[in-house]
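Each remark here refers to the structure printed beneath this line.
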Amino acid sequence: MIKIEDSHHQNLHAIIMPTKTCNLACTYCYVLEKPSERMSLLLAERVINELLNYNNPAELTRLIWHGGEPLMAGLPFYRHVCKYIQEKYPNHRIEHLIQTNGTLLNDRWIDFFLENNFNVGVSLDGWKELNDACRKTRNGRGTFDIVFRNIMHARERGLVAGVLAVVTRKSLGYIEELFEFFYQNKLDFGFHPVTSLTPEIDRELGISWDEFADVSTKLFEMGFFQPEPRVTAVTPTLHYAMAVMMGTSSGFCVFDKSCAHEYISIEPSGRVHVCDRFADNDELSYGNLSKISLEQILNSPVRQIFLNRWDNLEKECYDCEWKLICYGGCPHDAYAKTGSILSRDSNCEAYKHIFTYVSETISRELKRDEVVK
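Right under this line is the structure:
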């Protein structure tokens, strides 16, 4: 058990990968190797013990279940974990979030998620042709029909799932249609540009920073000026607006001054990183939680590099008006392009453009409201 020397330290949120196995073969997946590795119940209990003994029970702890396809860990795995937490840590404030491809989202899972207050995110890139261009089964079939049906069925049962869309070169030219699809179906959604980890993915699906900026400003505008409010949240444009209005980071992990203060990610083997996007990267691992304590993990020299990232970037960003909103952006997006977490996010120029656009749009609307009054 870890003794909390400083009662004011920030709670850690854990991105837990109970399995790397996946039943799909999406063409842009950033988990290039998908071994059939699964987390044992013993290790899951150890992760829970280490984390919740470290965290303040009165403050929120988020458990973010990821994969692979996390539902492939099986319902008994999650039932065991939830029962274990309820029995051993009844006074802790726990929030469960899970990101699934939606193909396995049947009534048994829906019942479980409702009973245990899980926030469910489902990956869906848009309407059938657009989604099925990249999100395919292992035998090459599209996934839209089953996933969309499962989302709608979940909603009928009272489980409202948010949607996460990957924006690729195939999406460009259809951004208005993309928003309209989610708008007509009353689906809150998030989007992010494809992470190009190989030259082939970059060549076929990658988008440039100015294309990403264009996509983001279009989706912000369409969300901001809805004829009637049917989509209540578009992420990350909601965070862009909040950050611009507050003049500081909105809590979106990409713009954290140091995401390493707040997050750890645990692979099925127990290997720990700052984020699941660094899975399989030995060089940037903090260590293995099945072998050493969380206290040792948190004192890892690699974690210190992540914690001090902004100190290294501040000089590079000193003349940027948005630096206290962005803090150099996502370390993984920087790493994917340059091989170093100590460089700026590859979408740096896009963010400058987006923040300026969002700021000007909000200012203009506020002035218009004043005139109307």
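Heads up, the sequence shown stops at 650 in this note's numbering, and the numbers go up one at a time, no gaps. Glycine is no exception: its CB is placed at the ideal position from the N, C-alpha and C atoms. No experiment lies behind these values; they were computed from the predicted model shown.
So, is residue i buried or exposed, given that buried needs 16 or more other C-beta atoms within 10 angstroms?
| i | result |
| --- | --- |
| E642 | exposed |
| K280 | Here the model assigns K280 a pLDDT of 38, short of 50, so the residue's position is not dependable and the matter cannot be decided. |
| S640 | exposed |
| S617 | exposed |
| T420 | buried |
| E598 | exposed |
| S284 | Note on S284: pLDDT 46, under 50, position unreliable in the model; the coordinate value appears next. Counting Cβ neighbours within 10 Å, S284 comes out exposed, since fewer than 16 surround it. |
| D553 | buried |
| S562 | buried |
| Y595 | exposed |
| K463 | exposed |
To which residues of the same chain is residue i closer than 6 Å at the C-beta, ignoring the five residues directly before and after it?
| i | result |
| --- | --- |
| H516 | S527, F529 |
| T445 | V471, L482 |
| A438 | V397, V399, I428, A431 |
| W404 | F458 |
| G467 | L441, T512 |
| M278 | Unreliable positioning characterises M278 in this predicted model, as indicated by a pLDDT of 39, which lies under 50. The coordinate reading is nonetheless provided below. Correct list, in chain order: N330. |
Would you identify the three-state DSSP class for residue i, choosing helix, strand or coil?
| i | result |
| --- | --- |
| E372 | strand |
| H550 | strand |
| T304 | coil |
| D283 | Low local confidence applies: a pLDDT of 42 at D283 is under 50, so the model's placement there is unreliable, with the coordinate-based value given in what follows. Reduced to three states, the DSSP call for D283 is coil. |
| W386 | helix |
| H290 | strand |
| R586 | helix |
| R339 | strand |
| T615 | helix |
| R315 | strand |
| K568 | coil |
| T414 | strand |
| S377 | The sequence given here places Thr at residue 377; Ser does not occur at that position. It is a strand residue. |
| T298 | coil |
| V511 | strand |
| N408 | helix |
| E591 | coil |
| N333 | coil |
Spatial neighbours of residue i within its chain, please: C-beta separation below 7 Å, excluding the five flanking residues on both sides.
| i | result |
| --- | --- |
| N368 | P334 |
| W652 | Within the shown structure, residues of the chain are numbered from 278 to 650, placing residue 652 beyond reach of any answer. |
| Y361 | E322, I325 |
| G564 | V549, Q573, I574, S577 |
| N288 | N332, N333, E336, L337, T338 |
What separation, rounded to the nearest whole angstrom, lies between the Cα atoms of residue i and residue j?
| i | j | result |
| --- | --- | --- |
| M522 | P506 | 21 Å |
| C359 | N393 | 8 Å |
| D557 | S636 | 39 Å |
| D388 | Y331 | 31 Å |
| R412 | K568 | 36 Å |
| K678 | I541 | Here the chain has residues from 278 to 650 only, and residue 678 is not among them. |
| D610 | H357 | 35 Å |
| H286 | H538 | 9 Å |
| L474 | L352 | 32 Å |
| D559 | E544 | 12 Å |
| F425 | V443 | 16 Å |
| K365 | F489 | 45 Å |
| L590 | W486 | 20 Å |
| L407 | C625 | 27 Å |
| S493 | I631 | 7 Å |
Start and end of the alpha helix (DSSP H) containing residue i?
| i | result |
| --- | --- |
| I452 | 452–461 |
| I428 | 421–433 |
| I478 | 476–482 |
| Q363 | 352–365 |
| D491 | 486–501 |
| C530 | No alpha helix (DSSP H) holds C530; DSSP gives it neither H nor E. |
| C603 | 600–603 |
Which residues bound the beta strand (DSSP E) around residue i?
| i | result |
| --- | --- |
| P470 | 466–470 |
| S542 | 540–543 |
| G439 | 439–444 |
| F395 | 395–400 |
Between which residues of its own chain and residue i is the CB-CB distance below 8 Å, once the five residues before and five after are set aside?
| i | result |
| --- | --- |
| L391 | R434, G435, L436 |
| C299 | C306, V308, K311, G344, G345, E346, M349, N378 |
| T220 | The structure shown has nothing for residue 220, since the chain only spans 278 to 650. |
| Y460 | M499, Q503, R507, V508 |
| H301 | Before going further, note that residue 301 is Leu rather than His in the sequence given. E346, N378, T380, R412, K413, T414, R415, T420, listed in sequence order. |
For the ligand SAM, is there a heavy atom less than 8 Å away from the beta-carbon of residue i?
| i | result |
| --- | --- |
| L584 | Absence of the ligand SAM from the depicted structure is noted, as is the absence of any ligand whatsoever, leaving it without description. |
Less than 9 Å between CB atoms is the rule here; does residue i satisfy it with respect to chain C?
| i | result |
| --- | --- |
| Y595 | Included in the structure is just one protein chain, with no chain C present. |
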